[in-house]
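*Asks:* Heads up: the sequence lines are chains A and B, in that order.
Following this note's numbering, the numbering of the first sequence begins with 1 at its first residue and continues without gaps.
Following this note's numbering, the numbering of the second sequence begins with 1001 at its first residue and continues without gaps.
For every residue, glycine included, the Cβ atom is placed at its ideal position computed from N, Cα and C.
Because the structure is a prediction, the values reported are computed rather than measured.
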Amino acid sequence: MKSSTPNKNIKAALTVASAALLGTSNTTQAQTAEEDSWQFDSAFLFYSEADRVSAGEAIINAQKMFDDEEILNLKLTVDTLTGSSANGAVAQPNVQTFTRPSGNGQYITNEADTPLDDTFKDTRVQLNTQWTKPLASNYTLSVGGHLSKEYDYLSLGVNSNLAIDFDRKNSTFSTGFSYFYDTFAPEGGIPKPLVSMLIGDSDTPSWDVNFAQTRLTNDEIKTTTDILFGFTQVIHRRMIMQLNYSYSMVEGYLSDPFKIVSVVNSSGLTQDNIYESRPDSRVKQSLYAQSMYHFESNVLDISYRYMWDDWDIISHTIDSRLRIPLGDIWGKDSFLQPHFRFYQQSAAEFYRPFIQEDNVNGIEYLSADYRIGEMMAYTVGLKFGAVINGKNELSFRLEYYRQTPTDGGYESIGVLSDLELYPTIEAIIGQVTYSF
Amino acid sequence: MTTKKFTISQCKDSHSISFNAMASPCEVIVQSTDAKLVGALAQVICTEVWRIEGKYNRYDPKSVCSMINTNAGQTVAIDEETYLLLDFAEQCYQLSDGLFDISSGCLRKVWSFDASDNIPNQADVKKQLKSVGWRKINLNRQSITLQKNMEIDFGGIGKEYAVDRTIRLAKQTTQKPVLVNLGGDIAVTGSRHNNTPWQVAIERPDVDIGDEKSADMIVSLYSGALATSGDSRRYLLNGGQRYGHVLNAKTGWPITHAPRSVTVVAPQCIQAGILATMALLQGHQAEQFLSAQDVKFWARR
């Protein structure tokens, strides 16, 4: 159809016409947010365990939303880790000497102290990209890539997720898949499982040859395949529920090349330290339920996760957050958010805090890593956030973490009974986040 | 008739005033915790919306609109407000080259958009078309004269006009940020506190699937208005051809190949509404039309 009026003038003519109708000067302009601009989030996190590991982490996240509702998300994370980590050996009534994982030199642990390897120092750079696109009216596809590099570790990953909305978007079913391929090349190589840690003078001419005999290879590979099914349901206008099931299969080199196990005699005195050995596959499954409830002004978020794997580890996690709006007292939309998290796990079937020398023969898998032992942990924290300068969100988070490993039913023997074998770990976590 | 009452509820730092008017659910959001102010504002806004509804609702026999229609063939005296609205409608008629015509309402007597294949015959359409045409209407500042059997209705502009009027009243009543939403036609007095935008969800008028409805797009509005035209549930299907409910006032037939809905952002709601409706009237050229107007818009097909 042809229009006798050039199209371009219609808006101007309407401006005049509506000004006449409404008696306004009509100088106001309609403004909408530029939906094609980037949104940035930055965060700095500090994590410090008393006497152990300290970590600093900087994150910058950039998100761009396109006209067609596609979203591109780029996230760069840089973290540094310094300090010491338990090497798995038990405390002794005497001074102990251990060889560094690189084979270059020794470190000494005082009597009654938990042996800590103080060589941890690493910087990790991580890049994640995610592309989300609505496929059809109720289908949203998301695909992503992951790259993480540290001095001795490279992790590459891909993921995809499909979300299907139905019942007027009150219900969402989602299914996700991810695959990671990790290469681990620690300095000093990968130790042979269950082989004795070589202790001695690393400056002697025969050292390098002898040390090399404890080594299996220079690098190892690990792959992780995750499958996730999720269901989210709006219960009513104040409540939303989410249920997830995930299946994760990890294959390849799953031991920690820096961890050892103390071999003790019947008096509990260390006779030898051997490198740990873990199975080359692990199947983890988990069920996760989350519920968010919006009260008049507060929002309560509670979740529970039940995880089990074929190493016999079972864990329970309860996480809860309560968001309390403070109105505009401390900046616009300011809020306080108390956080409480409880975690409990049982030990892997091959976990032993130490092993008696008579029992070493015939053993296939063994680890004294407290992280796969029996433990309990909780976190309490508080977050404060507010919008400043009109649209930038600033938040502070401070948390206290306490982890209490327990013996898992393995009784201490001899001198070990008088030593602290399961030291409690405490950490402080601080985080500042700024969105712009 | 809608019941004339409103309800007020509080959510965080804002109050929401809900009421029904113009056959639509309406909502006013005030970013204030002052219940007294909100109550006063609710009174002012609802009174104005119901006043406009009562004056221009063609189904209300006591309305000015009905008075004009029932006296078709005679000259009817009109007040200033009615003149201004009719004058605005006339300009829209001219700007759209006759496609937008507030006298085209009687064509609905032969078109019932009930998703059936109920296509009227050309003779019936032609017959109704005789009663359509703004050119046949005589308008001046004091009076209007319709030809016999003609009818006008304010359907395409009344609700948007009410939005702009209430925004004006809201600005006179309070400095607090206010959003007025009359059945999807929306305007704001300005940005929210600290210069943050209002987040407005635009519903996808989902097709063919019963009452399937979903808010699927969020628009950030700092100032001005937005209006949506189109209703995907009102159409006819015949021989694979979909006839949307927007009628070409010149041919008496529905516009084909138009988007199912068009949302336009403009300084005034009435501008946004007319641009959206005019765009629909351009059929397959709707997007091209809006692009040429240099306005922010979303067209759904």
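Under DSSP, the alpha helix (DSSP H) around Asp1164 of chain B begins and ends at which residues?
*Replies:* Element bounds for Asp1164 of chain B: Gly1158 to Thr1173.
*Asks:* What would DSSP say about Arg168 of chain A, mapped onto helix, strand or coil?
*Replies:* coil
*Asks:* Would you call the stretch 306-316 of chain A and the stretch 270-284 of chain A in contact, with 3 or more CB pairs under 8 Å?
*Replies:* yes
*Asks:* Please state if the CB of Thr99 of chain A and the CB of Leu216 of chain A are separated by a distance shorter than 8 Å.
*Replies:* no
*Asks:* If we define contact as Cβ-Cβ less than 8 Å, is Asp36 of chain A a contact residue for chain B?
*Replies:* Note that Asp36 of chain A scores a pLDDT of 48, beneath 50, so its modelled location is shaky; the value from the coordinates is reported in the next line. Chain B contact via Cβ: absent.
*Asks:* Please identify, using Cβ separations under 9 Å, the residues of the stretch 1016-1044 of chain B that lie next to chain A, in order along the chain.
*Replies:* For the stretch 1016-1044 of chain B, the residues whose beta carbon sits under 9 Å from a beta carbon of chain A are, in order, Thr1033.
*Asks:* Looking at the structure shown, is Glu70 of chain A part of a helix, part of a strand, or coil, going by DSSP?
*Replies:* coil
*Asks:* Taking Cβ-Cβ distances shorter than 9 Å, what residues in chain B pair up with Asp328 of chain A?
*Replies:* Asp1013, His1193 and Asn1194
*Asks:* Using 8 Å as the limit for Cβ to Cβ distance, is Val1132 of chain B near chain A?
*Replies:* no
*Asks:* Do Trp1253 of chain B and Val1110 of chain B have their beta-carbon atoms positioned less than 8 Å apart in this structure?
*Replies:* Their beta carbons are not under 8 Å apart, which means Val1110 of chain B does not touch Trp1253 of chain B by this criterion.
*Asks:* Can you find the residues in the same chain that come closer than 8 Å, C-beta to C-beta, to Lys259 of chain A, ignoring five residues on each side of it along the sequence?
*Replies:* Only Asn87, Gly88, Tyr275, Glu276, Ser367, Ala368 and Asp369 meet the Cβ criterion.
*Asks:* Tell me whether Lys1126 of chain B counts as near the ligand FAD, meaning its Cβ is closer than 7 Å to at least one heavy atom of that ligand.
*Replies:* In the structure on display, the ligand FAD does not appear, and there are no ligands present to speak of.
*Asks:* With DSSP as the reference, please indicate the residues paired to Arg124 of chain A in a beta bridge.
*Replies:* Paired residues: A:Asp79 and A:Glu150.
*Asks:* In terms of alpha-carbon separation, which member of A:Ala347, A:Ile235, A:Ser266 and A:Ile108 lies closest to Tyr438 of chain A?
*Replies:* For residue 438 of chain A there is no data in the structure shown, the boundaries of chain A being 1 and 436.
*Asks:* Since Leu419 of chain A and Ala112 of chain A are thought to touch, with beta carbons under 8 Å apart, how far apart are those beta carbons, to the nearest angstrom?
*Replies:* 6 Å
*Asks:* Which residue comes first and which comes last in the beta strand (DSSP E) that contains Phe1019 of chain B?
*Replies:* Ser1014 to Ala1021
*Asks:* Closer than 7 Å, Cβ to Cβ, to anything on chain B: give me those residues from the stretch 211-229 of chain A, in chain order.
*Replies:* Cβ proximity to chain B below 7 Å picks out nothing from the stretch 211-229 of chain A.
*Asks:* Looking at Thr175 of chain A and Phe229 of chain A, is the spacing between their C-beta atoms short of 8 Å?
*Replies:* yes
*Asks:* Using a C-beta to C-beta distance shorter than 8 Å, which residues of chain B count as neighbours of Val53 of chain A?
*Replies:* Going along chain B, no residue has its Cβ under 8 Å from Val53 of chain A, so there is no contact; the nearest lies around 40 Å.
*Asks:* Look up Ser1291 of chain B in the DSSP assignment and say whether it is helix, strand or coil.
*Replies:* helix
*Asks:* With Phe184 of chain A and Asp219 of chain A assumed to form a contact (beta carbons below 8 Å), what rounded beta-carbon distance in angstroms separates them?
*Replies:* 6 Å
*Asks:* Does Asp1063 of chain B come out as helix, strand or coil in the three-state DSSP assignment?
*Replies:* Correcting the residue identity first, residue 1063 of chain B is Ser in this sequence and not Asp. Ser1063 of chain B: coil per DSSP, three-state reduction.
*Asks:* Measuring CB atoms only, is the stretch 1005-1019 of chain B touching the stretch 1140-1147 of chain B, in the sense that at least three cross pairs come out at less than 8 Å?
*Replies:* Using a C-beta cut-off of 8 Å, the stretch 1005-1019 of chain B makes no contact with the stretch 1140-1147 of chain B, since fewer than three inter-stretch Cβ pairs fall below that distance.
*Asks:* Note down the Cα distance separating Asn26 of chain A from Glu1081 of chain B, rounded to an integer number of angstroms.
*Replies:* With a pLDDT of 40 at Asn26 of chain A, under the threshold of 50, the modelled position of that residue is not reliable, and the figure given next carries that caveat. Between the alpha carbons of Asn26 of chain A and Glu1081 of chain B lies a distance of about 18 Å.
*Asks:* Buried or exposed for Glu1151 of chain B, going by 16 or more other Cβ atoms inside 10 Å?
*Replies:* buried
*Asks:* In terms of residues, what are the limits of the beta strand (DSSP E) holding Tyr422 of chain A?
*Replies:* Unbroken run through Tyr422 of chain A: none, as it is neither H nor E.
*Asks:* Going by CA-CA distance only, name the one from A:Arg168, A:Ser206, A:Gln290 and A:Val125 that's closest to Ile240 of chain A.
*Replies:* A:Gln290
*Asks:* Can you tell me whether DSSP reads Gly385 of chain A as helix, strand or coil?
*Replies:* Here Gly385 of chain A sits in strand by DSSP.
*Asks:* Hey, how far is the Cα of Ser1309 of chain B from the Cα of Ile1202 of chain B?
*Replies:* Residue 1309 of chain B lies beyond the stretch modelled for chain B, which goes from 1001 to 1301, so this question has no answer here.
*Asks:* Please work out which residues of its chain come closer than 7 Å, Cβ to Cβ, to Gly200 of chain A, disregarding the five sequence neighbours upstream and downstream, and give them in chain order.
*Replies:* Trp207
*Asks:* Sort A:Gly189, A:Ser160, A:Glu150 and A:Tyr139 by Cα distance to Thr172 of chain A and report the nearest one.
*Replies:* A:Tyr139
*Asks:* Return the CA-CA distance between Gln126 of chain A and Leu154 of chain A, expressed in angstroms with no decimal places.
*Replies:* 10 Å
*Asks:* When the distance is taken between beta carbons, is Gly1133 of chain B closer than 8 Å to Ser1103 of chain B?
*Replies:* yes
*Asks:* So is Gly362 of chain A buried or exposed if we call it buried at 16+ other beta carbons inside 10 Å?
*Replies:* exposed
*Asks:* Please report the residue range of the beta strand (DSSP E) in which Met65 of chain A lies.
*Replies:* Looking at the DSSP string, the run of the beta strand (DSSP E) that includes Met65 of chain A is Ser54 to Met65.
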